[in-house]
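Visitor: I'd like to ask some things about the structure below.
2 protein chains.
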Amino acid sequence: MLIGGSEVRGTEGVLRAWNPTAGTDMEPDFAAGGQVEVNRACLLAQEAFDSYRETPLETRAQFLRAVGQGILDLGDRLVDRACAETGLPRGRIEGERGRTVAQLNLFASVVCEGRWICATLDSPQPDRKPLPRPDLRLRKIALGPVAVFGASNFPLAFSVAGGDSAAAFAAGCPVVVKAHPSHLGISELVARVIQKAVADCGLHEGVFSLLVGQGNAIGRDLVQHPAIKAVGFTGSRLGGFSLMRIAAERPEPIPVYAEMSSINPILLFPSALAKNAETLAKGFVDSVTLGVGQFCTNPGIVFGVESEAFQRFRRAAAQELSTRSAGTMLSPQIHSAYQRGLERLEATPDVHTLARIDATREGCLGAPALFSSTAKQLLAEPECADEVFGPSSILVGCETADEMRMVLEQMPGQLTASLLLDQQDLEMAGALLPLLERKVGRIVFNGFPTGVEVSHAMVHGGPFPATSDSRTTSVGASAIERFMRPVSYQNMPKALMPASLQDENPLKLWRVRDGKLEQR
Amino acid sequence: MLIGGSEVRGTEGVLRAWNPTAGTDMEPDFAAGGQVEVNRACLLAQEAFDSYRETPLETRAQFLRAVGQGILDLGDRLVDRACAETGLPRGRIEGERGRTVAQLNLFASVVCEGRWICATLDSPQPDRKPLPRPDLRLRKIALGPVAVFGASNFPLAFSVAGGDSAAAFAAGCPVVVKAHPSHLGISELVARVIQKAVADCGLHEGVFSLLVGQGNAIGRDLVQHPAIKAVGFTGSRLGGFSLMRIAAERPEPIPVYAEMSSINPILLFPSALAKNAETLAKGFVDSVTLGVGQFCTNPGIVFGVESEAFQRFRRAAAQELSTRSAGTMLSPQIHSAYQRGLERLEATPDVHTLARIDATREGCLGAPALFSSTAKQLLAEPECADEVFGPSSILVGCETADEMRMVLEQMPGQLTASLLLDQQDLEMAGALLPLLERKVGRIVFNGFPTGVEVSHAMVHGGPFPATSDSRTTSVGASAIERFMRPVSYQNMPKALMPASLQDENPLKLWRVRDGKLEQR
């Protein structure tokens, strides 16, 4: 473990990473920590908080960029270890590395721009009757130390230096990461890069720590620690619910940003379908099988109004899927959960298997599968639309557009919805749009949900149970907002004023003065 | 009750308002509702949501202004009833009415300005390698129907058409208010104004309903209703905790914005104290006794370093307080809770009574009281700083500045902290500032915390347990943010685009385009 500037070996047993391709565990041993190490890391983070949140914006940006550069400088060591620990192909890991670095650099530029500070100034009115109006100035400050839990499916982009950490660092929050047990080696490599960047930038060592531990106990201790003021998590619904409960039951409840599960419905509209059933089917199967289906945005369900064209889509998708092969999944746990999910669907009356690849080899191979059902069945048994994490999807035939609306209205919150449509479908799509806005965080037109852009206008989030808090996003520039809270200063003496609120606006921020946005 | 456009009489018994000055109940009978009425109001709100959140901004602003004008048009009917139901003096009610109307008008202008939509556009990059970048556009939309619980101490400004309702309406959320049982008449008068404004502006009737009910059951049913997507509450810690728990245990947990309790520490700095002990003492006693101490921002605790000057402050404050008289409190419940709070303090060893007014008359009279204690005692027994809602405060002597820091560090979250200082105290104050920023939502310099400005830079909020969610404010323009969530649109056809995201920017909004703020 890395706790502040130190290397610490825990005394709670030993963990090893697993190579899902080879089916073997991997050197070296990682000594697991417990409550003692959690406490040490959290107290250090608390100690670091006041100074870190007031570092000049340029220093903070430099820190984020240094982490990005350090990750690139790890070169093949990181890529090799990531491939071994995840079974993901080299190209995917390199792509994810690029995205992780781009994310850090995006936040570096967001930090310097400073709009997230929300600097707001109300001029005093000393002569107002019956009472004078005071001078009021508002800025947002960081929430406090943040606990981050990495995702199994993104060893870099949603992990030690992933989106949650980058946003929290940008906001001015120290971060304590609990390493994903499948990514021990990658986590250590990246953590050392952060540890070095903290030192190089002259920051308090408590700005970052990495914890390694067995089972759920260390995560629970971390979320329960009084120094922790928010939690970032990407993972299963079970894990997310459990963290939400722990956080809500603390003497001081704290926000949990858990991204949990989503089946990312695809809506096929009649005219587009009639013209392009086969092309759409191919694109759909590409999206389902991408990365062995291990994306939070994997399209697990497709809705169409029953028609000859929907029949063609079903046939084409089944045929296309039959040409694909099984791929190594991230871990034995994920693989067996996937198998169980397929078995559950196969055992459900009125759910039919359209296509399924045989996975002849034992081990972690996830084989693509396609099912078919009806809106009626889904209305009667909504749980058969529960996420099956992996390369599987279910095609749902609706008798009418009204039935499609009914089944969508019943659907729980999702990260995305995708609409495949053309000019003739616009009216029908427009009528569904308000419903979809209520249900999801991102609406994709004529495309598939996999592929999450890291930019200013991205929302990777959505209503419960897709996430625990629909008010923010875990990807994109506005993720910084989740780690901020407003503070107002009344009649503050000039000598005490933070730079962001001084009359002269030395940081050249965009600010709201007496209700008007200005930059002077 | 008013449910949508209808008048409804419940069948769950009868309630009457109470006149705390006269000590009698008041005409007329209000018929209490139950689950049936909750369900009807919530389903109507749900039905209204999609259309209301897309009303043109100008219509929504007009609606808010119509409510404000309607409240003014009620004239003396409203003021008389409010005085009777609360025991508050006429001037205070008229002032609060002005503030409530100003609040509605502020949100009307905020709505039209549209910065809260956070319109954000990322240009497509069709030629980017390895993958093209899509067109992405983000806007914030309303969360959904909001349940609002009025406060006992602000029959207008934190009630039926108070801050939470105004912010929710501004954001595009229908509102279901549970009337405060002490404000039945005022609630009905204001609710009829809203009901009429809804009709006059051509809005869906479900945009607003007012429920009346016995005990906690109707509130619980309201918060548990699946159509409700957020809760606004101002009241006791017990009430707030209970709503937080109910909301967290729903199948779909929802955000609760509960403003609960605060003792609003005042910090006396040595140099200012030495020069102005007597003047400061008078200002302090004014603030403690204002409105019979029934403000969330009432200063319930004062810290100073022991000195001859602090002795003078103590004496002057005790003497000043002895000249004040008891006042009618809002309700018998609040009065008896205040009495119990005083008895608790009097029974605490090492807490001394400095001054206490006798309340000879029976009934709802709250008598000012002043206590004294030490930092040591507070460190040993933090619960003696629990809020005593009413005109009471406790003066805490610290042996050193370090001890003051220690006792502040132990203090739970507060709405405000006030610093009384001069030039010579700046260094000491500056050193405490980071701690105070972590603890409170508003920091007041050389003033007292009572008096909450309704403006852009106000924060009326703070870390738990002052509120349930430190990330927002319940007063001021940015309260609108608490009822919003972001949605992103990928490659959206022009024909479906909401006005806020269209290329031509027909609403002339400030928008972020490719990371830069612009208004074109």
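The listed protein sequences correspond, in order, to chains A and B. Positions in the first sequence are counted from 1; adding 3 to them yields the numbering used here. Positions in the second sequence are counted from 1; adding 3 to them yields the numbering used here. The beta-carbon is built from N, C-alpha and C at its ideal position, and this holds for glycine as well. For clarity, every value in this text was computed on a predicted model and none was experimentally measured.
(1) Along chain B, which residues have their Cβ under 7 Å away from the Cβ of A:Asp-125?
(2) Hey, is A:Ile-525's beta-carbon within less than 9 Å of any beta-carbon in chain B?
(3) Specify, as a first and last residue, the run of the beta strand (DSSP E) that A:Pro-489 falls within.
(4) Go through its chain and collect everything with a Cβ distance to A:Thr-89's Cβ below 6 Å, but skip five positions before and after it.
(5) Within the 9 Å Cβ cut-off, does B:Trp-513 reach chain A?
(6) State yes or no: is the beta carbon of B:Gln-217 nearer than 9 Å to at least one beta carbon in chain A?
(7) Quick one: does B:Gln-493 have its CB under 9 Å from some CB of chain A?
(8) Which residue or residues does DSSP assign as beta-bridge partners of A:Tyr-260?
(9) Determine the extent of the alpha helix (DSSP H) in which A:Asn-108 is found, giving its start and end residues.
(10) On the DSSP letters alone, give me the boundaries of the alpha helix (DSSP H) that B:Ile-446 sits inside.
(11) Let me make sure I understand the geometry here. Which of A:Leu-5, A:Gly-166, A:Thr-419 and A:Ala-34 has the alpha-carbon closest to that of A:Glu-15?
(12) State the CB to CB distance for the pair B:Cys-401 and B:Val-308, rounded to an integer number of angstroms; the pair is presumed to be in contact (CB under 8 Å).
(13) Which residues in chain A have a C-beta closer than 7 Å to the C-beta of B:Ala-432? List them in chain order.
(14) Among A:Ser-325, A:Ser-471 and A:Val-259, which has the Cα closest to the Cα of A:Leu-561?
(15) How is A:Lys-519 classed by DSSP in three states: helix, strand or coil?
(16) Just mark B:Val-17 as buried or exposed, buried being the case when its beta carbon has 16 or more other beta carbons within 10 Å.
(17) Using a Cβ-Cβ cut-off of less than 8 Å, list which residues of the region 138-169 of chain A approach chain B; keep chain order.
(18) Quick one: give me the first and last residue of the alpha helix (DSSP H) that A:Phe-152 is part of.
(19) Any idea if A:Leu-510 is buried or exposed, counting beta-carbon neighbours within 10 angstroms, 16 or more meaning buried?
(20) Just to confirm, is the Cβ distance from B:Leu-75 to B:Val-515 under 9 Å?
(21) Check whether the Cβ of A:Glu-386 lies closer than 9 Å to any Cβ atom in chain B.
(22) What residues of chain B sit near A:Ala-200, judged by a beta carbon separation below 9 Å?
(23) Taking the alpha-carbon positions, what's the B:Asn-508 to A:Pro-254 distance?
(24) Where B:Leu-67 and A:Pro-371 are concerned, what is the direct C-alpha to C-alpha distance, given to the nearest angstrom?
(25) Taking 9 Å as the threshold (C-beta atoms), are A:Pro-452 and A:Asn-301 in contact?
(26) Starting from the beta carbon of B:Thr-476, find every residue of chain A whose beta carbon is closer than 7 Å, and list them in chain order.
(27) How about A:Gln-522: is its C-beta nearer than 9 Å to some C-beta of chain B?
(28) Report the rounded CA-to-CA distance for B:Asn-156 versus B:Ser-185, giving the unit in angstroms.
(29) Determine the direct distance from the alpha carbon of B:Ala-69 to that of A:Thr-292, and round the result to whole angstroms.
(30) Mark B:Pro-177 as exposed unless 16 or more other C-beta atoms lie within 10 angstroms of its C-beta, in which case mark it buried.
(31) I'd like to know if A:Phe-524 contacts chain B, where contact means its C-beta is closer than 9 Å to some C-beta of that chain.
(32) The alpha helix (DSSP H) with B:Gln-417 in it runs from where to where?
(33) Are there 16 or more other CB atoms within 10 angstroms of the CB of A:Thr-403, so buried, or fewer, so exposed?
(34) Identify every run of the beta strand (DSSP E) within the region 366-443 of chain A, keeping only runs that are complete inside it and at least 3 residues long; order them along the chain.
(35) By the 10 Å Cβ neighbour count, where 16 or more other Cβ atoms means buried, how is B:Pro-10 classified, buried or exposed?
(36) Cβ of B:Asn-42 versus every heavy atom of the ligand MN: is any distance shorter than 8 Å?
Guide: Taking the definition as stated:
(1) Within 7 Å Cβ-Cβ: Ser-458, His-459 and Ala-460.
(2) It is not possible to answer for residue 525 of chain A, since the shown part of chain A is limited to 4 through 523.
(3) 487-493 is the extent of the beta strand (DSSP E) around A:Pro-489.
(4) Pro-158 and Leu-333, listed in sequence order.
(5) Judged by the 9 Å Cβ criterion, B:Trp-513 is in contact with chain A.
(6) Look at B:Gln-217: its C-beta is not under 9 Å from any C-beta on chain A.
(7) For B:Gln-493, the nearest CB of chain A lies under 9 Å from its own CB, placing it at the interface with that chain.
(8) For A:Tyr-260, which the question treats as bridged, DSSP gives the partners A:Gly-235.
(9) Start and end: 93-116.
(10) Run containing B:Ile-446: none in the alpha helix (DSSP H); it sits in the beta strand (DSSP E), 443-448.
(11) Measuring from the Cα of A:Glu-15, the nearest candidate turns out to be A:Ala-34.
(12) Right, their Cβ atoms sit about 5 Å apart.
(13) Under the 7 Å cutoff, chain A gives Leu-499.
(14) Nothing in the structure corresponds to residue 561 of chain A, since chain A is present only between 4 and 523.
(15) In this structure, A:Lys-519 counts as strand in the three-state DSSP scheme.
(16) The Cβ neighbour count for B:Val-17, taken over all protein chains shown within 10 Å, is under 16; the residue is labelled exposed.
(17) Of all residues in the region 138-169 of chain A, Leu-139, Arg-140, Leu-141, Ile-144, Leu-146 and Gly-147 have a Cβ within less than 8 Å of some Cβ in chain B.
(18) No alpha helix (DSSP H) contains A:Phe-152, which is instead part of the beta strand (DSSP E) from 149-152.
(19) Counting every other CB atom within 10 Å of its CB across the protein chains shown gives A:Leu-510 a total of 16 or more, marking it as buried.
(20) At least 9 Å separates the beta-carbon of B:Leu-75 from that of B:Val-515.
(21) Closer than 9 Å: no.
(22) The contacting residues do not exist; A:Ala-200 stays about 23 Å from chain B at best.
(23) Near 47 Å, if we compare the C-alpha coordinates of A:Pro-254 and B:Asn-508.
(24) Straight-line Cα distance between these residues: approximately 54 Å.
(25) Yes, these two residues count as a Cβ contact at 9 Å.
(26) Going along chain A in sequence order, the residues near B:Thr-476 (Cβ under 7 Å) are Pro-489.
(27) Interface with chain B (9 Å Cβ-Cβ cutoff): A:Gln-522 is included.
(28) It is roughly 10 Å from the alpha-carbon of B:Asn-156 to the alpha-carbon of B:Ser-185.
(29) The straight-line gap from Cα to Cα measures roughly 55 Å.
(30) Buried, because 16 or more other Cβ atoms sit within 10 Å of the Cβ of B:Pro-177.
(31) For chain A, the structure presents residues 4 to 523; residue 524 of chain A sits outside this window and is missing.
(32) Under the DSSP assignment, B:Gln-417 falls outside any alpha helix (DSSP H), being part of the beta strand (DSSP E) whose first and last residues are 417-423.
(33) By the Cβ-count criterion, A:Thr-403 is exposed, with fewer than 16 other Cβ atoms from all chains shown falling within 10 Å of its own Cβ.
(34) You should have 372-377, 395-401 and 417-423.
(35) The displayed chain sequence assigns Glu, not Pro, to residue 10 of chain B. Of the residues assessed, B:Glu-10 falls on the exposed side of the cut-off, its CB having fewer than 16 other CB atoms within 10 angstroms.
(36) With respect to small molecules bound, the structure shown includes none, and the ligand MN cannot be examined in it.
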